[in-house]
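Read the structure below first, then the notes.
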Amino acid sequence: MKQTVDYLLVGTGVAPLLAAQRLSNRGDRVMIFNPDSDFFLENSELPLDLLSFETTNHDLGRRFSNNLPEQVYRDLISEFPGAIEMWKEEDEKNLNRPFQVESAPWVRSRHRMWLAQEKSYTVERVENLYLRLLEMGLKPRWFEGSSLIRQLPGFTARNLEARKLKNCVGFIGPRFGDVDVNRYRTGLLEYIREKLGRDHILTNAHLLDIDQKGVGYQLVSGPPKTIEVTRAILYFWTPKLERMLRGLLEKYDPRMMGEFDASVRKQTWEEWEILSRDPVNPHVVAHMDGLRIWSHGDGVPPPGGWNLVKIMRRDQTGVLLGEQSLNEVSDLVFQYLGWDRFTLRKMTPRTVYRWNRFTPIEYEADGVRSMVIQSCDGPLHWIARQVRQTIDQV
């Protein structure tokens, strides 16, 4: 007997899970196809907004308000089937905390810090951003020299006089939110699998053909099957699905490809995880030219912070883990942070899309309504907001 659903969701990240939760809550029948085998662990979601400003002419007020911890919490709680906890620096002094679910995803409240070498090309950008924040009433604090560098996550004063530190200027700005991506995704996945049933959330599912009789698909084992879709197929654009979705658009709506390519820019980042022998300041996320640095871990930071440091480096050379990459990270770690050695846990390349189009691309695939939904990668709370707005209009 052929299965029938209202919506077929195709994706490799957290976006189809969020969409399934919202659609099933309103009574729609849903099935999820994941062409990958990793149970939605594509890792195209980020715990925080990297705030990569090419200019400061953007709507900074909206960008910043969307990253406030309270807004991050509001964006994520609607589809999550449990508690989401919040942490800020003041909580460390509160010994009588109210009841909290320690294993839940946590939204952490951390200051953002921008700094630049005094004669670098990014100084003017940092100064302009500081002035904009003053105009917005966000009360940034300006620092120069060692008083600024000392606040870098992981800074040590060892051999300070011998280190060839270039003078820096910059500021510490408002506190923004970051979230436990893995806890959020795992909790949502487990709930959706129980809610829909294991036969309605499939990995290694490959689409074979689409026509008015249904959608043909193939799993790793067993014969090809067909499912009838009464409303629409929803595709969620992430790096792993780009090749497949480009093929579908070229087949069914090639006119959209030019408009689509003009609506997105791709950035390549290196995600470094390094171990520190000392706990790292958990209260600040630092922006230093093309680098982002913060103390990383799940839940509430232990006293002093975690020993794991996350460094996101934007690559513009096209050579991952090349000479420039090693020089920039080494300069940060040995000169600015003052470490004498470090352990590299892993380095992962990350593709990040920068979209200026947020409305889905809709087309007919042999009589079946189909929609490609963008902005399903990047900061987790951005994805949740995009999915919610799209599903509410379907």
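Just so it is clear: in the sequence shown, position 290 is 290 by our numbering, and no numbers are missing. Note that CB positions come from ideal geometry on N, CA and C, so glycine has one too.
Can you look up residue i in the DSSP assignment and give me helix, strand or coil?
| i | result |
| --- | --- |
| F99 | coil |
| I227 | strand |
| W237 | coil |
| F143 | strand |
| I274 | strand |
| P379 | strand |
| T56 | Here the model assigns T56 a pLDDT of 48, short of 50, so the residue's position is not dependable, and the following value carries that caveat. In the structure shown, T56 sits in coil (DSSP, three-state: anything other than H, G, I, E or B). |
Give me the DSSP bridge partner(s) of residue i.
| i | result |
| --- | --- |
| V264 | W355 |
| Y7 | V30 and A232 |
| R112 | V285 |
| V107 | M86 and V179 |
| Q389 | For Q389, which the question treats as bridged, DSSP gives no partner whatsoever. |
| E45 | G378 |
| Q117 | C168 |
Which residue's Cα is closest to the Cα of residue i: the options?
| i | options | result |
| --- | --- | --- |
| L207 | D199, I201 and G216 | G216 |
| V229 | H200, G318 and L17 | H200 |
| R158 | A365, G367, R125 and D340 | D340 |
| V372 | R29, D75 and M257 | M257 |
| L48 | F64, D366, F39 and L8 | F64 |
| E70 | G154, K88 and W237 | K88 |
| P279 | L152, T351 and L115 | L152 |
| L138 | N128, G378, G173 and S147 | G173 |
| E259 | W106, I361, D298 and L245 | I361 |
| V101 | Q316, G187, R246 and R198 | G187 |
| S295 | V352, R388 and S109 | S109 |
| P239 | Q267, R29 and L249 | Q267 |
| I84 | V107, G297, L308 and E92 | V107 |
| V300 | F143, D91, M288 and D6 | D91 |
| H283 | W272, R277 and P302 | P302 |
| N204 | S221, L189 and E250 | S221 |
| R277 | L131, F99, T156 and R62 | T156 |
| A162 | L129, D36, G338 and W142 | G338 |
| N307 | I293, V319 and T317 | I293 |
What do you reckon, are the CB atoms on residue i and residue j nearer than 9 Å?
| i | j | result |
| --- | --- | --- |
| I383 | V123 | no |
| L380 | G11 | no |
| L68 | Y336 | no |
| E270 | L321 | yes |
| R112 | L51 | yes |
| F342 | L275 | yes |
| L60 | L134 | no |
| F176 | V285 | yes |
| N281 | G304 | yes |
| I32 | L9 | yes |
| R314 | G290 | yes |
| V72 | V181 | no |
| L41 | R243 | no |
| A262 | V394 | no |
| C168 | G145 | yes |
| Q3 | K225 | yes |
| S370 | L248 | yes |
| R22 | S103 | no |
| L148 | P105 | no |
| D419 | D366 | Since the first residue of the chain shown is 1 and the last is 394, residue 419 is not available in this structure. |
| G154 | V309 | yes |
| L115 | H287 | yes |
| Y191 | G82 | yes |
| R345 | E273 | yes |
| D298 | R388 | no |
| F236 | P16 | yes |
| G318 | Y353 | no |
4 or more residues per run - each alpha helix (DSSP H) lying fully within the region 290–377: 323–330
Entirely enclosed beta strand (DSSP E) segments - the region 150–218, minimum 3 residues: 168–179, 201–203, 206–211 and 214–218
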